[in-house]
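Q: Residue numbering for the sequence shown follows my numbering, beginning at 114 and increasing consecutively.
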Amino acid sequence: MIKQGCKTSSQHICSLLRCKGTTASDLSDSIGTTLKAGARSILILASNNDNWSPETTNGILQAIPVPVFGASFPALLHNREILHSGTLVIGFSESVEISIISRLSTDQEMIDEQLNHSFSCKPDNKTLLTFVDALTTQTEYFVDSLYNRTGSDVRIIGACAGSLDFIQKPCVFTNTGLLEDAAVLVQIPFEINPGVQHGWKTLDGPYLVTSSNNNQIETLNYKPALEVYRQALKNKTGLEFSDDDFYSAAKIYPLGIVHLDDEFIVRDPLKIHQQSLVCAGHIPENSMIYILQGEIEELCKSSHQAAREARNAHDLASPDMTPSAMVIDCVSRLLFLDREFDQEIEAIVSGAGDVTHLFGALTLGEILSAKTGSANLLNKTTVVGVF
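1) For the region 262-275 against the region 128-148, are there 3 or more C-beta pairs whose distance is under 8 Å?
2) If the criterion is Cβ atoms closer than 8 Å, does the pair residue 160 and residue 189 meet it?
3) Taking the straight line between their C-alpha atoms, what separation do you get for residue 206 and residue 239?
4) Hey, quick one: how far does the beta strand (DSSP E) through residue 223 stretch, first residue to last?
5) Just grab the DSSP bridge partners of residue 244 for me.
6) Assuming the contact rule is C-beta atoms closer than 8 Å, residue 300 and residue 235 should be a hit. Round their C-beta distance to whole Å, please.
7) What are the boundary residues of the beta strand (DSSP E) that includes residue 479?
8) Answer yes if the region 450-459 comes into contact with the region 418-428, meaning at least three C-beta pairs across the two stretches below 8 Å, and no otherwise.
9) Going straight from the alpha carbon of residue 414 to that of residue 175, what length do you get?
10) How many Å lie between residue 432 and residue 330 at the Cα?
11) When DSSP labels each residue in this structure, what does residue 366 get in the three-state scheme?
12) Assuming residue 331 is part of the alpha helix (DSSP H), what are its boundary residues?
13) Indicate whether residue 396 and residue 328 have their beta-carbon atoms separated by less than 8 Å.
14) Within this structure, are the beta carbons of residue 465 and residue 499 separated by less than 8 Å?
15) Would you mind stating whether residue 480 and residue 286 have Cβ atoms separated by less than 8 Å?
16) Could you check if residue 117 is buried or exposed, using at least 16 other CB atoms within 10 Å of its CB as the buried criterion?
17) Alpha carbon to alpha carbon, how far is residue 128 from residue 354?
18) When the distance is taken between beta carbons, is residue 237 closer than 8 Å to residue 302?
19) For residue 495, count the other beta carbons within 10 Å of its own beta carbon; 16 or more makes it buried, fewer makes it exposed. Which is it?
20) What is the DSSP secondary structure of residue 406, counted as helix, strand or coil?
21) Can at least three beta-carbon pairs, one atom from the region 177-193 and one from the region 435-445, be found at a separation below 8 Å?
22) So the alpha helix (DSSP H) residue 302 belongs to, where does it begin and stop?
23) According to DSSP, is residue 160 helix, strand or coil?
24) Would you give the residue range spanned by the alpha helix (DSSP H) that residue 170 belongs to?
25) Taking the continuous beta strand (DSSP E) assigned at residue 310, which residues delimit it?
26) Can you tell me the Cα-Cα spacing of residue 368 and residue 379, whole angstroms?
27) If you reduce the DSSP assignment to three classes, tell me which class residue 427 lands in.
28) What's the gap between the Cα of residue 308 and the Cα of residue 497?
29) For residue 288, which residues does DSSP report across the bridge?
30) Could you tell me whether the Cβ of residue 473 comes closer than 8 Å to any Cβ of chain D?
31) Go to residue 389, then tell me how far its beta strand (DSSP E) extends in each direction, as first and last residue.
32) With DSSP collapsed to three states, give me the class of residue 461.
33) Report the option in 233, 192, 320 and 248 whose CA atom is closest to the CA atom of residue 402.
34) Which residues bound the alpha helix (DSSP H) around residue 263?
35) Nearest CA to the CA of residue 170: which residue from 291, 163 and 281?
36) Give the single residue among 200, 231, 262 and 181 whose Cα lies nearest to the Cα of residue 212.
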C-alpha cells in the first residue's frame with residue numbers, strides 16, 4: 114500500500130512532483146514548487162522520451178540554489194505506474210554533498226585523479242548514491258575505484274543512465290548542467306537500506322571464458338563464443354536465431370558470472386561482434402559463466418524479495434517510521450516480461466509494504482555494494498532502497 118502522507122513518515126522526502134509537461138518552463142515550475150516545500154537538495158529522474166538537452170536545462174540547473182542530482186532513463190516508476198514519458202522532481206529535507214566525475218571514458222588515471230581531488234567521504238555519510246552514464250567505457254573501473262575509497266562502511270547504490278538506442282548523449286543532471294560521459298556522486302547523511310535479487314536460473318554451463326576483451330567474450334572453452342552460445346540454445350531449447358535477431362534471444366537467455374558467494378552476477382549480452390558476445394559489463398578472462406533463463410513467476414518473486422529484504426532492514430533500524438522506497442530495476446526485465454511487467458511492479462509494491470512514496474527508474478545497469486565484498490555493476494537485476 115502506498116500512502117500519500119503519514120504522521121510517522123521518516124520525512125526525508127518533503128516533496129515529490131511529476132512535471133506537468135516537457136518544456137523548460139514545466140521543469141522550472143516543478144523545481145520552484147519543490148524549493149518552496151523546503152527542499153535542501155533535489156533529485157531529478159527523467160524519461161529519455163522527454164528529450165531534455167543542455168540547451169533546455171542548463172540555465173535552470175545552474176540557477177538551483179541547492180544541490181541537484183539525477184539522470185534520464187528509458188522509463189520511470191511512480192507508485193504503480195510505468196512512465197515512458199515524464200520527469201519526477203523529488204525534494205529531500207537534507208542537504209547532500211555532491212561530486213562530479215567527468216570524461217569517464219578518457220582513461221583510468223583521470224578517474225583516479227578526479228576521485229582523489231573531488232571526492233572525500235564525509236564522517237556522517239551513510240549512503241553514497243551515484244548516477245552514471247551507462248555508455249562510458251570505464252563504468253566498472255569507476256565503481257571499483259569508488260569502493261576502494263569508501264570501503265564497506267558506506268553503502269554504494271547507483272543506476273546507469275541513458276537510452277535504449279545506445280547513442281551516448283547528455284543524461285546526468287548536476288548543478289553544472291546536463292552531462293554525458295560523467296557520473297554524479299551524492300553523499301547522503303541517512304541510510305538507504307537495500308535489497309537485491311535477480312531471479313534468473315541456470316539453463317546450461319558452466320563454461321570457461323578462455324578469451325575476453327573488457328566487455329567482449331571472444332571464446333568459451335576455446336571455441337568462438339557466439340558458436341557456443343548458439344549451439345547451447347539450440348540443444349537446450351530448440352531456439353535458433355540469426356545474427357540480425359540476436360537480442361531477441363539474448364534478452365531471454367542472459368549470462369551469469371559465478372561470484373565469490375556462489376551467486377551470479379548477471380550479464381546482458383547486447384550484440385555480437387564477429388564471433389564475440391558484447392555484454393553490458395566486464396567479463397573477466399578465466400571466469401566461469403552459465404547461460405541463464407527466466408520465468409515470469411521467479412522474476413516477480415525475486416523483485417518481491419528484494420523489496421521485502423530492504424523493508425525488513427529498515428524496520429529493524431526504524432520500526433516506528435513509515436519509509437519511502439526507491440526502485441532501480443533493469444529495463445531489460447521490462448523487455449523480457451513485456452505485458453507481464455505489471456506483475457513485477459505489484460510484487461515490488463507488496464514487498465515494500467506501506468510506504469509514503471515509491472519511485473524509481475528502469476535502468477541500463479544497477480550498482481550496489483555488499484556488506485562484505487566489493488561493489489558491483491549488475492544487469493537484469495532489481496535493487497530496492499528503503500529509507
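The beta-carbon is built from N, C-alpha and C at its ideal position, and this holds for glycine as well.
A: In short:
1) By the criterion of at least three beta-carbon pairs nearer than 8 Å, the region 262-275 is not in contact with the region 128-148.
2) Yes. Within cutoff.
3) When only Cα atoms are considered, residue 206 and residue 239 end up about 16 Å apart.
4) Segment 221-231 is the alpha helix (DSSP H) holding residue 223; no beta strand (DSSP E) there.
5) The partner list for residue 244 (beta bridge, DSSP) reads 272 and 297.
6) The C-beta distance from residue 300 to residue 235 rounds to 5 Å, short enough to fall under 8 Å.
7) The continuous beta strand (DSSP E) containing residue 479 extends over residues 479-482.
8) Remark: fewer than three beta-carbon pairs, one from each stretch, lie closer than 8 Å, so the region 418-428 and the region 450-459 are not flagged as touching.
9) Computed Cα separation, rounded: 42 Å.
10) The alpha-carbon of residue 432 is positioned some 46 Å away from that of residue 330.
11) Reduced to three states, the DSSP call for residue 366 is coil.
12) Careful: residue 331 lies outside any alpha helix (DSSP H), inside the beta strand (DSSP E) at 329-333.
13) Going by C-beta atoms, residue 396 is nearer than 8 Å to residue 328.
14) Going by C-beta atoms, residue 465 is nearer than 8 Å to residue 499.
15) Contact: no.
16) Low local confidence applies: a pLDDT of 42 at residue 117 is under 50, so the model's placement there is unreliable, with the coordinate-based value given in what follows. Burial call: exposed.
17) Residue 128 and residue 354: Cα-Cα distance of roughly 48 Å.
18) Taking 8 Å as the cut-off, the beta carbon of residue 302 is found closer than this to the beta carbon of residue 237.
19) Buried: at least 16 other Cβ atoms inside 10 Å.
20) Correct three-state label for residue 406: strand.
21) Segments in contact, yes.
22) DSSP places residue 302 in no alpha helix (DSSP H); its state is neither H nor E.
23) When secondary structure is reduced to three states using DSSP, residue 160 falls in the strand class.
24) Here the alpha helix (DSSP H) through residue 170 covers 167-176.
25) For residue 310, the enclosing beta strand (DSSP E) has its first and last residue at 306-310.
26) Whole-angstrom Cα-Cα distance: 6 Å.
27) Residue 427 sits in a helix when the DSSP states are folded into three classes.
28) Their Cα atoms are separated by approximately 5 Å.
29) In DSSP, residue 288 forms no bridge with anything.
30) Going by chain labels, chain D is absent from the structure shown, which holds only one protein chain.
31) 389-392 is the extent of the beta strand (DSSP E) around residue 389.
32) The answer is helix: DSSP assigns residue 461 an H, G or I state.
33) It is 320 whose Cα lies nearest to the Cα of residue 402.
34) First-last of the alpha helix (DSSP H) with residue 263: 252-263.
35) Out of 291, 163 and 281, 291 has the C-alpha closest to the C-alpha of residue 170.
36) When each option's Cα is compared against that of residue 212, the closest is 231.
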